[in-house]
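Take a look at the structure set out below.
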Amino acid sequence: MSTKELMKVLVTRRIPQEGLDVLTNAGICDVSVWDSDEPVPRSELLKRVQGAHGLFCMLSDRIDTEVLDAAGPQLKVISTLSVGFDHLAIDEIQKRGIRVGYTPDVLTDATAELTVALLLATARRLPEGIQEVKSGGWSSWKPLWLCGYSLSGSTVGVIGLGRIGLAIAQRLKPFGVRRLLYTGRQPKPQAQEVDGEYVPLDTLLRESDFVVVSCALNPDTRALCDKTFFSMMKKTAVFINTSRGAVVNQEDLFEALSTGQIAAAGLDVTTPEPLPTDHPLLTLTNCVVLPHIGSATYSTRGTMVKLSVNNLLAGLSGDAMPSELKL
């Protein structure tokens, strides 16, 4: 097949070479890559996407009407290296008949593991302890110094018991959690696997020692965690969010943490990302912020790239995708 006959594919970030090899060796793609670990600038995206038949994008790429118009009517498929798709203009994509591939399931374990690690680090004040060692603040053993909160005998509330929420609950139970509460749009049969109890949101917030947000971002959950939300939590409660940054009103979270309304918070997602270094949340010792690394294991990222590439090739060929978002 000559170069003129190949379908143009734009990859918006540097990806593992094995993924690129699969694309190029397929024999149907003329692949263009933004060869950087940093996001492609908007102006470059609009320029490079012109004439593309396939777009391999990241969660940080805003694929809206402007990008779709710049690409042109020949765009057949968008493959996103993510389980989330709120960066995609779904209504417009559906209107144009463009297929979308994404990567559910493959990052469930990695995200659940990170959530548990973040919960423990926040509850047991590990970042503070590390800083005290480095700064010379560690003088001698003290009965109440750097005391935190224990999972043993606690009540954990999970908001959103989907694949990831269930995986988080399964990992927390062996720590001696006494009760597992969850809430969402409806009770879930899989709650039986972790002896979970479905309760209204206000009950979950009042009774939980740890509140873990693991819900999808939609009109019902956007800014769900606001001043009213935090006011219903225990003053000794720990708040964890590894879902989407926009689920939280960060100004209200700062107020809740700085006034002692809640004990601590751990975040792997923020708005915006990256969070500015002068953001008020970063001034608090009782707030642990990570740079959105929920799926950041070598094996998970490798599996995600492989799935994304295969989604893209299937979309270009008109075949069934391994994992297609049903629009």
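In the working numbering, the protein residues as written are 225 to 551. C-beta: ideal position from N, C-alpha, C; glycine also.
May I have the straight-line CA-CA distance separating residue i from residue j, to the nearest angstrom?
i	j	result
G539	T407	36 Å
V235	A334	24 Å
S284	P297	23 Å
M528	T460	38 Å
S374	P240	40 Å
W258	L269	9 Å
S467	C439	6 Å
N535	P546	6 Å
G353	P367	15 Å
G386	S432	19 Å
T379	K451	22 Å
M231	S541	10 Å
V340	K412	21 Å
M225	V513	Only weak support exists for where M225 lies, its pLDDT of 45 falling under 50; the coordinates are left without a value.
L531	W365	50 Å
F309	Y326	8 Å
T227	D245	Residue placement at T227 is poorly supported in this model, since its pLDDT is 48, which falls under 50; the coordinates still yield a value, given next. Approximately 17 Å, taken between the alpha carbons.
L331	A520	9 Å
R349	E229	58 Å
V233	A415	42 Å
T524	L247	19 Å
M456	D288	37 Å
E417	V423	17 Å
R286	P515	19 Å
With DSSP collapsed to three states, give me the class of residue i.
i	result
V340	helix
N473	coil
V423	coil
Y326	coil
I287	strand
V493	coil
I239	coil
L549	coil
K412	coil
T304	strand
G278	strand
D543	coil
L404	strand
L350	helix
G484	coil
L505	helix
L448	coil
L312	strand
G389	helix
I317	helix
M457	coil
Do residue j and residue i have their beta-carbon atoms positioned less than 9 Å apart in this structure?
i	j	result
E242	G526	yes
D329	V301	no
L453	G490	At residue 453 the sequence reads Phe, which differs from the Leu that was named. No, the pair does not count as a contact, with Cβ atoms beyond the cut-off.
L471	T507	The residue you asked about is not Leu; residue 471 is Val in the sequence shown. In this structure, T507 does not lie closer than 9 Å to V471 by Cβ.
V437	L448	yes
V435	I383	yes
L299	L279	yes
G389	L428	no
R237	L305	yes
K458	A487	yes
L441	G420	no
A250	L537	yes
V401	S376	yes
C281	S267	no
E548	V324	yes
For residue i, write down the residues that DSSP places opposite it in a beta bridge.
i	result
V437	I383 and N465
V256	At residue 256 the sequence reads Ser, which differs from the Val that was named. Beta-bridge pairing links S256 to L234.
V512	G490
- [ ] Taking 8 Å as the threshold, find out whether the region 499 to 515 comes into contact with the region 257 to 267 through three or more Cβ pairs.
- [x] no
Task: Contact between the region 353 to 361 and the region 395 to 403 (3+ Cβ pairs under 8 Å) - done: no
TODO: State whether the region 338 to 347 contacts the region 474 to 481, with contact taken as three or more CB pairs (one from each stretch) at a distance under 8 Å.
DONE: no
Task: Validate contact between the region 370 to 389 and the region 311 to 318 using beta carbons, cut 8 Å, 3 pairs - done: no
Task: Meets three-Cβ-pair contact criterion under 8 Å: the region 266 to 275 and the region 491 to 498 - done: no
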